[in-house]
Amino acid sequence: MTAYAIDKDFPATLTALYDNDPARRNVIDNSVKENIESIRRSEDFQANGFEYTEESIAEDYPALLWNLLATYNAGSYIPNKKLDHVALLRMVSELGVNDCYPLVTFYLASLEAKSKQKDQVREKVRPIFESLLSSYELVLDLCQIDSRNSTPDIVRADNILVGQNQIEDAADFVGSILISKDVDELQIVDPYFSIGDLKFIGDSIQRDPNVSITILTSLFRMKKIESDSGQGVDDTVYEFWIQNINSQSVPSIKIIFIGLETSPEKMPIHDRWWLFDNEGLRFGGSVNGLGVMRVQEISKIDTQERVNIDQCVLGFLSAKQKTYEGERVKYKTVDI
Numbered sequence: 008m009t010a011y012a013i014d015k016d017f018p019a020t021l022t023a024l025y026d027n028d029p030a031r032r033n034v035i036d037n038s039v040k041e042n043i044e045s046i047r048r049s050e051d052f053q054a055n056g057f058e059y060t061e062e063s064i065a066e067d068y069p070a071l072l073w074n075l076l077a078t079y080n081a082g083s084y085i086p087n088k089k090l091d092h093v094a095l096l097r098m099v100s101e102l103g104v105n106d107c108y109p110l111v112t113f114y115l116a117s118l119e120a121k122s123k124q125k126d127q128v129r130e131k132v133r134p135i136f137e138s139l140l141s142s143y144e145l146v147l148d149l150c151q152i153d154s155r156n157s158t159p160d161i162v163r164a165d166n167i168l169v170g171q172n173q174i175e176d177a178a179d180f181v182g183s184i185l186i187s188k189d190v191d192e193l194q195i196v197d198p199y200f201s202i203g204d205l206k207f208i209g210d211s212i213q214r215d216p217n218v219s220i221t222i223l224t225s226l227f228r229m230k231k232i233e234s235d236s237g238q239g240v241d242d243t244v245y246e247f248w249i250q251n252i253n254s255q256s257v258p259s260i261k262i263i264f265i266g267l268e269t270s271p272e273k274m275p276i277h278d279r280w281w282l283f284d285n286e287g288l289r290f291g292g293s294v295n296g297l298g299v300m301r302v303q304e305i306s307k308i309d310t311q312e313r314v315n316i317d318q319c320v321l322g323f324l325s326a327k328q329k330t331y332e333g334e335r336v337k338y339k340t341v342d343i
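For reference, each letter of the sequence shown is one residue, going 8 to 343 in this note's numbering.
Shown next as structure tokens:
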């Protein structure tokens, strides 16, 4: 490749100079010619895309695009934004599965190269993966195979039972739902929140720094966090996130600590909820109890249930509710 870049006749000249064996020289010459032809076709493709209609190259598209993918992944090739990808996709229907794969993968790489913003990825790339998943499910249906027998469809499941050592299953269940809803704002209500819960939260949001997190918990948890860490809650949360979840960036995190004036350790809400959009998840216990000894259920909250929950929590999340059953409600808010 380097010799060809210097001069197109340079590889053949090198062969003649440094190898006098006729048979070996012939093998090397043929190899050089094949490599030069492959480079020529790659250059023609990059220049002309799918308008380059030489019949022989059409058969070589899978291998050609696979090689370009390798250079793209190595950071030395940027897909031509002017390529007619519709023509590429038309070709896919005429190929077998093995040949089809490089073309579809190249198409996705081209979309990735053009989609630098999150909104662009959501608009252009994600629908392709959803279509591929639908195609996979269609094939399973045609073969009379129930996908639920091979891989649990946790996105469509309404609940999951989390037993001992099953915390990763719980994070997969919660994460799949948050991804399917494209959640960018998450509200967590848990009277027994602990710093270690951030690991489960981070795994569930795929460590995405663009997800804004609000946590409602008790004043007693604030005192415990500060006592255990020997520093403020904000520094403790920041350091834990950087060290255990994402060393590059920390999302917007607000923790609202509430308690009654006579009993700061008591929070007016006992249940645990994760709230997003107009839906949410109900946790049978606190996150720090997941996967330990007792079985917990995590289940979806429908829209009507969410309305009832909002009536209970919105006053506390906004810090506008000043009393509860005749007692003053005290607030402490920490922003990270």
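Each residue gets a CB set at the ideal place from its N, CA and C atoms; glycine is no exception.
Can you tell which of the options has the C-alpha that lies nearest to the C-alpha of residue i?
i    : options                : result
S201 : L267, D241, R228       : R228
A120 : Y79, K206, R129, V320  : Y79
F264 : V257, P258, V341       : V341
D317 : K339, W281, S306       : W281
I260 : L223, S293, I276       : L223
T269 : I184, S183, Y331       : Y331
A70  : L110, V196, L297       : L110
V302 : A177, T221, G103       : A177
V132 : S141, L75, S122        : S122
H277 : I305, C319, P258       : C319
I135 : N253, T112, Q124       : T112
A116 : L75, G103, E144        : L75
G203 : L321, V218, K231, L185 : K231
I343 : A164, D148, I249       : I249
Q255 : I262, M274, N217       : N217
D210 : I184, L324, L147       : I184
A326 : N251, I262, M300, S219 : I262
N253 : I208, S138, S225, E272 : I208
I167 : K307, G333, Q328, R129 : K307
P275 : L147, Y338, D165, W73  : Y338
L267 : W73, S142, K329        : K329
T181 : I305, E144, Q124       : Looking at the sequence shown, residue 181 is not Thr but Val. Closest by alpha carbon: I305.
P258 : S293, Q238, D215       : D215
G296 : L226, P198, S234       : P198
N251 : S234, K206, G103       : K206
T221 : Y68, V336, L324        : L324
Q187 : V336, R129, R279       : Reading off the sequence, residue 187 comes out as Ser, not Gln. Answer by Cα proximity: R129.
G103 : Y68, Q124, A81         : Y68
G107 : Q127, K273, W73, L118  : Here the sequence assigns Cys to residue 107, which means Gly is not the residue at that position. When each option's Cα is compared against that of C107, the closest is W73.
I212 : S225, G333, I195       : I195
Over the uninterrupted beta strand (DSSP E) stretch that includes residue i, give me the two end residues.
i    : result
V314 : Per DSSP, V314 belongs to no beta strand (DSSP E); it is in the alpha helix (DSSP H), 310 to 324.
V169 : 166 to 169
E334 : 334 to 342
Return the bridge partner residues of residue i from the DSSP annotation.
i    : result
T330 : R335
E137 : Note: E137 sits in no beta bridge, so no partner.
E304 : L168
In terms of residue numbering, what span does the alpha helix (DSSP H) encompassing residue i cover?
i   : result
A70 : 68 to 80
Under the criterion of a Cβ to heavy atom distance below 7 Å, does residue i qualify as lining the ligand SAH?
i    : result
A120 : The model on display carries no ligand, and the ligand SAH is accordingly not part of it.
Quiz item: Quick one: complete alpha helix (DSSP H) runs, 4+ long, within the stretch 179 to 251?
Solution: Fully enclosed alpha helix (DSSP H) runs of 4 or longer: 204 to 211, 226 to 236, 240 to 251.
Exercise. Write down every uninterrupted run of the beta strand (DSSP E) in the stretch 260 to 295 whose length is 3 residues or greater and which is fully enclosed by it, in chain order.
Key: DSSP runs (the beta strand (DSSP E)) wholly in the stretch 260 to 295: 260 to 267, 279 to 283, 286 to 290.
Quiz item: Do the stretch 235 to 249 and the stretch 287 to 299 make contact, defined as three or more Cβ pairs closer than 8 Å?
Solution: No: the two stretches stay apart, fewer than three of their Cβ pairs being nearer than 8 Å.
Quiz item: Below 8 Å, can you find three or more Cβ-Cβ pairs linking the stretch 308 to 323 to the stretch 273 to 287?
Solution: The stretch 308 to 323, when compared against the stretch 273 to 287, does touch it at the 8 Å Cβ threshold.
Quiz prompt | Inter-stretch contact at 8 Å, needing at least 3 Cβ pairs: the stretch 191 to 201 / the stretch 167 to 181 | solution = They do not touch, by the three-pair rule.
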